[in-house]
Every structure is written in structure tokens, then in C-alpha cells.
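Undergrad:
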Amino acid sequence: MWASQTSLIKGFRRVLHVVPNDVSQNSLFRENIKLLSNYDFTFDICARADQLPIVIELIDSCPNVQFILDHCGVPDIKNGFYSPWAEQMKDVAKRPNVIAKISGVIAYGDADSWALSDIKPYFDHTVDVFGVDRIIWGSDSPVCNLGGGLATWVALTHNLTAEWSKYERNCFYNENAKKLWAIEGI
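Residues 4 to 189, numbered by this note's numbering, are exactly what the sequence shown covers, in order.
#1: Are the CB atoms of Asp47 and Gly76 nearer to each other than 8 Å?
#2: From this set, Ser64, Cys49, Ala89 and Ser120, which residue's C-alpha is nearest Asp203's C-alpha?
#3: State the Cα-Cα distance for the pair His20 and Val58, rounded to the nearest angstrom.
#4: Pull up the distance between the alpha-carbon of Ala96 and that of Asp115, whole angstroms please.
#5: Whether or not the stretch 49-56 and the stretch 29-41 are in contact is what I'm after, with contact meaning three or more pairs of Cβ atoms, one per stretch, closer than 8 Å; do they touch?
#6: Taking the C-alpha atoms as reference points, what is the distance between Val18 and Trp167?
#7: Here's the rule: buried if 16 or more other CB atoms are within 10 angstroms of the residue's CB, otherwise exposed. What is Ser106?
#8: Name the one or two DSSP bridge partners that Gly14 has.
#9: Assuming Ile57 is part of the alpha helix (DSSP H), what are its boundary residues?
#10: Measure the CB-CB distance between Ile102 and Ile138 and report whether it falls below 8 Å.
#11: For the candidate residues Lys123, Phe84, Ser40 and Gly141, whose alpha-carbon lies nearest to that of Leu72?
#12: Let me make sure I understand the geometry here. Which of Val22, Tyr42 and Pro23 has the alpha-carbon closest to that of Leu11?
#13: Would Lys37 pass as a contact of Val68 if the rule is Cβ separation under 8 Å?
#14: Out of Ala154, Glu60, Gly150 and Lys169, which one is the CA nearest neighbour of Ile109?
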């Protein structure tokens, strides 16, 4: 695979919420995803909360691939649809080859009126079910501009992690990503 010839490429991503659901259920798609494990590439999954059942099917069909579930599984924060998202996230977290990227979830709240109390349950649940060693921080810039912008997202996540230990913050903001993508020298 050409991408394995450089240390700059660590993984691939497919935005699944912009294509028909059967794309991720296609056998050729899944066989190609399975090949990523031969090169230690990760695969980011960007899918809506209502697609989590097919995300689980994809993950189960590729047990040797390291998956990253982007944006906390894109919960519908604006409409307050916590369940079944919470149960499905718990189910996703049972798969040891999945890490959750907590990124830009402010874009999924009401852009004009979300508050920390709207975001916190989704943030906390993702941390609770995946654990501090299986989460990474992400910006989702520029998409996070839909919910207030990058500076707002950074401030919010710092607020949400203010009571965490130094170890927990270091895992979330730094060490987990370095380990996941074998990043050295920083």
C-alpha cells in the first residue's frame, strides 16, 4: 500500500453519514478496511448516532483494525436524544479495538443556546464507558464553528476536565493519541 511508505500517514477516515448505510455493509468495503490492520493504520468512523448499530457491525467484522469513533458517535444533543445513543455507546465501548474521539460535539447542540449542562452528559458518558485510556481529544475544526468555534470548544473541554487528575488530562489531550498513532519526539 502506497500510504505505508511514509510515516506521516497514520490512518484513514470515511464519513459514513453522507453515504447510504449499505456502503459500510458492503463486503468489498469491509475487506478493504480489514487490510488496514496489515499496515497498522487506524480507521476513523464518522457516523450519526442512529447509525451506531451498523458501526458495531463494521467493527465486529474487522476485529484486527484499530477504530476511532469520531465526535462521541455524533449524539443528537440539540434534541436531547440521549437514549438509545447512551446504550449503543456502551455497546461500542465493549469492543477493545475502538477508541472514542471526543471532538467538536458543540456542533451537535443548539448553535444559539447550548450550555455546558447540555454537553456534559454526553461527554461524561463517553468517558465513563470508554475509560480515560481509550479517549482522545479532537477539535473538529472548522465544523465546530457551527457550535461556537474552536476557542469555545477548547474552553469547554478544559472546563469539563478541570477536576481530572494530571494523569487523566495527559492521557486525554496527549498520551493516548501519541500511543495510538505511534507518534514520537513530541
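Heads up, the beta-carbon is just placed ideally off N, CA and C, and yes, glycines get one too.
TA: On the basis of the data shown:
#1: no
#2: Any property of residue 203 remains undetermined from this structure, which presents the chain solely from 4 to 189.
#3: 11 Å
#4: 31 Å
#5: no
#6: 31 Å
#7: buried
#8: Thr45
#9: Leu55 to Ser64
#10: yes
#11: Gly141
#12: Tyr42
#13: yes
#14: Gly150
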